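Novice: First residue of the sequence shown: 1, per full-length UniProt numbering; consecutive thereafter. Quick one: the structure is below, and I'll ask about it shortly.
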Amino acid sequence: MKPAAGTLSVMTTDTMTPLPAVTRPGTETAVLTEGLVKTFGDNRAVDHIDLQVNAGEIFGVLGPNGAGKTTVLSMLATLLKIDSGKAEIFGVDVRRQPHVVRQLVGVTGQYASVDENLTAIENLWMFGRLQGLSSAASRRTANELLGQFGLEEAAKRPISQFSGGMRRRLDLAASLITRPPLIFLDEPTTGLDPRTRGQMWVTIRELVKGGSTVLLTTQYLDEADQLAGRIAVIDKGKKVAEGTPDELKTSVGSSTLQVVLSNPDEIAAAMDLVRRLLSEDPVLSPENARINVALDNADQAADVLIGLRSSNISIASVNVQKPSLDEVFLALTGHDTAEPTDAGSTVADNTGSHNAGSHNTQEVNR
Numbered sequence: 001m002k003p004a005a006g007t008l009s010v011m012t013t014d015t016m017t018p019l020p021a022v023t024r025p026g027t028e029t030a031v032l033t034e035g036l037v038k039t040f041g042d043n044r045a046v047d048h049i050d051l052q053v054n055a056g057e058i059f060g061v062l063g064p065n066g067a068g069k070t071t072v073l074s075m076l077a078t079l080l081k082i083d084s085g086k087a088e089i090f091g092v093d094v095r096r097q098p099h100v101v102r103q104l105v106g107v108t109g110q111y112a113s114v115d116e117n118l119t120a121i122e123n124l125w126m127f128g129r130l131q132g133l134s135s136a137a138s139r140r141t142a143n144e145l146l147g148q149f150g151l152e153e154a155a156k157r158p159i160s161q162f163s164g165g166m167r168r169r170l171d172l173a174a175s176l177i178t179r180p181p182l183i184f185l186d187e188p189t190t191g192l193d194p195r196t197r198g199q200m201w202v203t204i205r206e207l208v209k210g211g212s213t214v215l216l217t218t219q220y221l222d223e224a225d226q227l228a229g230r231i232a233v234i235d236k237g238k239k240v241a242e243g244t245p246d247e248l249k250t251s252v253g254s255s256t257l258q259v260v261l262s263n264p265d266e267i268a269a270a271m272d273l274v275r276r277l278l279s280e281d282p283v284l285s286p287e288n289a290r291i292n293v294a295l296d297n298a299d300q301a302a303d304v305l306i307g308l309r310s311s312n313i314s315i316a317s318v319n320v321q322k323p324s325l326d327e328v329f330l331a332l333t334g335h336d337t338a339e340p341t342d343a344g345s346t347v348a349d350n351t352g353s354h355n356a357g358s359h360n361t362q363e364v365n366r
């Protein structure tokens with residue numbers, strides 16, 4: 001059964017219940033920061049970061065543990081005091097009107113804030129009451145969310161019996177109690193198996209289709225590549241790059257042309273031709289007669305292919321490979337995302353899922 005127009009369905013399982021689409025403020029800029037700074041003692045965890053997130057998009061903040069990602073989200077969600085700089089949520093000043101900002105955002109962290117001794121529906125009912133909903137409205141919304149996230153059959157089961165994936169889905173459901181137009185997802189798939197990660201990706205995409213804006217932090221390069229329309233790369237508290245995945249890949253270097261020859265006896269002639277055409281030394285993989293060469297632009301691939309065919313050199317296959325986000329991050333920072341940094345190592349994390357300001361935060365090392 002198709003949901004009615006203006007509704008949102010998250011198809012993570014076979015069971016789904018439509019929910020009303022998100023109503024967001026009129027401004028087209030969901031998040032705006034200028035010169036955002038946060039310091040812990042002598043450690044500047046966030047160092048003059050500028051961000052602009054457009055309404056209705058998935059914006060990724062990519063960086064290793066300790067880069068300052070969670071600190072940025074915590075300040076935007078009013079969970080941490082901003083030391084200096086400007087921050088606005090849908091045009092509302094975070095420092096001057098935090099009470100308004102808290103009504104506009106939902107936060108889901110990598111550590112669930114649900115009570116393990118309560119059932120799923122009891123947890124969601126409790127979150128609803130904390131957000132000011134009546135008892136009846138809280139129960140109705142809890143049932144709708146459980147249906148949306150495929151947790152209806154587990155509604156009366158204690159959270160202690162939930163799998164990691166079920167907990168994460170419940171955590172995300174809790175952040176949607178009041179249908180906020182902006183959702184902060186702080187490493188939402190950390191520790192999940194590949195299948196459950198894929199389900200969460202579907203859920204996140206569906207939220208945006210329903211009108212939500214998502215600001216996602218992650219240390220997973222493939223996650224940023226798959227989900228985010230635009231990405232800010234953060235390292236040691238600083239923003240080192242921003243753009244679409246393709247723009248970031250293009251910015252750090254050329255694509256690579258890979259040509260596999262049908263006849264290994266033609267390798268020498270092919271190498272010489274490629275060298276003359278591109279003024280680049282190709283790299284040979286002799287075990288499979290594959291020639292690799294860097295390209296300054298995509299048109300050069302056609303020049304090489306035309307040259308090889310004109311010389312009657314047989315080609316088995318051709319592939320143009322763009323740099324991966326792994327290569328992008330390594331080129332920008334000098335290390336990969338698995339290597340932690342210490343810029344944002346002490347932050348208000350463990351926020352779990354809630355609308356900002358509903359629960360206390362805890363100090364953790366990240």
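For each residue, glycine too, the CB sits at the ideal point set by N, CA and C. These figures come from a predicted structure and were not determined experimentally.
Could you tell me if ASN123 is buried or exposed, where buried requires 16 or more neighbouring beta carbons within 10 angstroms of its beta carbon?
Specialist: It is buried - the Cβ of ASN123 has at least 16 other Cβ atoms within 10 Å.
Novice: Report yes if the CB atom of VAL46 is closer than 9 Å to the CB atom of ILE89, and no otherwise.
Specialist: In this structure, ILE89 does not lie closer than 9 Å to VAL46 by Cβ.
Novice: What number of angstroms, rounded off, separates the C-alpha of SER345 from the C-alpha of GLY66?
Specialist: Legend: pLDDT at SER345 = 46, less than 50; position of this residue unreliable, value from coordinates given subsequently. Roughly 5 Å between the two C-alpha positions.
Novice: Mapping the DSSP letters down to three states, classify LYS69 as helix, strand or coil.
Specialist: Of the three classes helix, strand and coil, the one that applies to LYS69 here is helix, per DSSP.
Novice: In angstroms with no decimal places, state the Cα-to-Cα distance between PHE149 and LEU73.
Specialist: Near 24 Å, if we compare the C-alpha coordinates of LEU73 and PHE149.
Novice: How would you label ASP225, buried or exposed, when you count the other beta carbons within 10 angstroms and need 16 or more for buried?
Specialist: It counts as buried.
Novice: DSSP three-state call for SER345: helix, strand or coil?
Specialist: Residue placement at SER345 is flagged as unreliable, the pLDDT there being 46, under the threshold of 50; the coordinate-derived value follows with that caveat. Reduced to three states, the DSSP call for SER345 is coil.
Novice: What did DSSP end up calling ARG44 once you bin it into helix, strand or coil?
Specialist: In the structure shown, ARG44 sits in a strand (DSSP, three-state: E or B).
Novice: From this set, LYS209, VAL260, THR250 and VAL114, which residue's C-alpha is nearest ILE315's C-alpha?
Specialist: The candidate whose alpha carbon is nearest that of ILE315 is VAL260.
Novice: Cα separation between PHE329 and ASP186?
Specialist: Cα to Cα, the separation comes out at about 19 Å.
Novice: Counting only the same chain and skipping the five closest in sequence on each side, list residues whose C-beta sits under 6 Å from that of GLY91.
Specialist: Contacts found: THR27.
Novice: Under 8 Å: do the segment 33 to 44 and the segment 203 to 217 share three or more Cβ pairs, one atom per stretch?
Specialist: Result no; under three Cβ-Cβ pairs closer than 8 Å.
Novice: Is GLY198 helix, strand or coil by DSSP?
Specialist: DSSP places GLY198 in helix when its eight states are reduced to three.
Novice: Counting C-beta neighbours from all protein chains within 10 Å, is the total for GLY334 16 or more, i.e. buried, or is it exposed?
Specialist: Its Cβ having fewer than 16 others within 10 Å, GLY334 is exposed.
Novice: DSSP on VAL304, reduced to helix/strand/coil?
Specialist: Three-state result, VAL304: helix.
Novice: Could you give the C-beta distance for LEU51 and ALA232, rounded to a whole number, given that I count them as a contact under 8 Å?
Specialist: Between ALA232 and LEU51 the Cβ distance is about 6 Å, and since that is below 8 Å, they are a contact.
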